[in-house]
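Start counting the sequence shown at 0; every next residue gets the next number (the numbering used here). Even for Gly, the Cβ is constructed at its ideal location relative to N, Cα and C.
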Amino acid sequence: MSAAAADRVRMNTTNIDDLPVASRWFRFTALDERTTLIEEPHVGGLLRANLWHLRGRDDDLLVDCGLGVTALAPLLRERFDREPALVLTHGHLDHMGSAHEFSRVWAHPLEHVDNPAPGSLLGPILAAQMGLRETLPPALLTARPRSDYDLGTYRVRPATPTRSLADGDILDLGDRRLTVLHLPGHSPGSIALFDEHDGTLFSGDVIYDDVLLDSLPGSNTEQYAHSLRRLRSLPVLLTHAGHGRSFGQERLHYLIDEYLREHLDATDEHRRGNERDTSKSMRQGDHSR
Numbered sequence: 000m001s002a003a004a005a006d007r008v009r010m011n012t013t014n015i016d017d018l019p020v021a022s023r024w025f026r027f028t029a030l031d032e033r034t035t036l037i038e039e040p041h042v043g044g045l046l047r048a049n050l051w052h053l054r055g056r057d058d059d060l061l062v063d064c065g066l067g068v069t070a071l072a073p074l075l076r077e078r079f080d081r082e083p084a085l086v087l088t089h090g091h092l093d094h095m096g097s098a099h100e101f102s103r104v105w106a107h108p109l110e111h112v113d114n115p116a117p118g119s120l121l122g123p124i125l126a127a128q129m130g131l132r133e134t135l136p137p138a139l140l141t142a143r144p145r146s147d148y149d150l151g152t153y154r155v156r157p158a159t160p161t162r163s164l165a166d167g168d169i170l171d172l173g174d175r176r177l178t179v180l181h182l183p184g185h186s187p188g189s190i191a192l193f194d195e196h197d198g199t200l201f202s203g204d205v206i207y208d209d210v211l212l213d214s215l216p217g218s219n220t221e222q223y224a225h226s227l228r229r230l231r232s233l234p235v236l237l238t239h240a241g242h243g244r245s246f247g248q249e250r251l252h253y254l255i256d257e258y259l260r261e262h263l264d265a266t267d268e269h270r271r272g273n274e275r276d277t278s279k280s281m282r283q284g285d286h287s288r
């Protein structure tokens, strides 16, 4: 059984009041001397985001910051000796929950992180908020950060953006430069960061190795398709996604092509439906004359 499948079993069979207390909330995995993956292993699969700490000579970046159920910024200051600038790929709860802890918060202005959408750690409430058709489990955590933590009190706290990011902006860490890509579709202000020197992409929720969510409040499938076509044209060699595993260029192209094919099929079906409706209306009009 995969870790995600095991999570689903635990989430569906565990009473909210019976959730264990986690001994440690965050997991740090150094990929190399400049890149560290930070995870919340006790968060269920839907909301378990990848947070990326990027070490630079002159400055550090944190790409997204998780749910915010327990403090993250102090751990980063302790581990890396300085607080990074926080780059939010978008404003959903699993990516901006800890944003209020940081003194530098950079985001696209269309994400409105100072007035975020509501969120919940209770499955039925979150499903209603996000307009999801699927049934979510009662609890979206598999453990509590502390014994007195009440999942029902969770709220997405607003953050004050200190820098507005736009397509083409360069984030300079001294020995590493990342280009901001505005790639709307999943959300209006979704961005990714691209290292043109080594071909590494930090994609947020623009692309990841699973079903792409394009029907949330604020999503736009036409924009999503355009963004993915643009992404496919770039020399991306390695994608560090906002969820799940990292993958290379071949997998990136496959995921994009599959989405675009399904998008085209859906568009064609919608067009055929409109044509059938128009034809039916014309026939009814002829009959009435």
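Annotated as distal: His94 and Ala165, with beta-carbon spacing of 8 angstroms or more.
Of the other Cβ atoms in all chains shown, fewer than 16 fall within 10 Å of the Cβ of Ile169; this residue is therefore exposed. The C-beta of Ala106 has 16 or more other C-beta atoms within 10 Å across all chains shown, which makes the residue buried. Annotation note: the segment 51-106 contains the following uninterrupted alpha helix (DSSP H) runs of length 4 or greater, listed N- to C-terminal: 72-79, 92-95. In its chain, beyond the 5 residues on either side, Leu60, Val62, Trp105 have a beta carbon closer than 6 angstroms to the beta carbon of Val86. Gly203: member of the beta strand (DSSP E) spanning 199-203, first to last residue. Membership of Ile169 in the beta strand (DSSP E) is indicated by the continuous run 169-171. Excluding five sequence positions before and after Arg81, the CB atoms of its chain that fall closer than 7 angstroms to its own CB belong to Asp59, given in chain order. Of Phe79, Asp209, Thr69, Ile190, the smallest CA-CA separation from Thr178 is found for Ile190. For Ile206, there is no enclosing alpha helix (DSSP H), since its DSSP letter is neither H nor E. Burial check for Gly203: the Cβ neighbour count within 10 Å reaches 16 or more, so the residue is buried. Non-local C-beta neighbours of Ile15 in its own chain, meaning closer than 7 angstroms and more than five positions away in sequence, comprise Pro137, Ala138, Leu150, ordered along the chain.
Assignment of Leu212 by DSSP, reduced to helix, strand and coil, places it in the coil class. Taking C-beta atoms under 8 angstroms as the contact rule, Ala224 and His262 qualify, at a distance of about 5 angstroms.
Taking C-beta atoms under 8 angstroms as the contact rule, Gly247 and Leu259 fail to qualify, at a distance of about 19 angstroms. Note on Leu30: under 16 other CB atoms within 10 angstroms of its CB, so exposed under the neighbour-count rule.
Counting C-beta atoms within 10 angstroms of its own C-beta, Val210 has fewer than 16 neighbours from the protein chains shown and is therefore classed as exposed.
Per DSSP, Ala224 lies in no beta strand (DSSP E) segment; the continuous alpha helix (DSSP H) that holds it begins and ends at 220-231. A straight-line Cα-Cα distance of about 8 angstroms links Ser146 and Pro19.
In this structure, Arg175 is the residue among Arg244, Arg175, Tyr207 with its C-alpha nearest to the C-alpha of His196.
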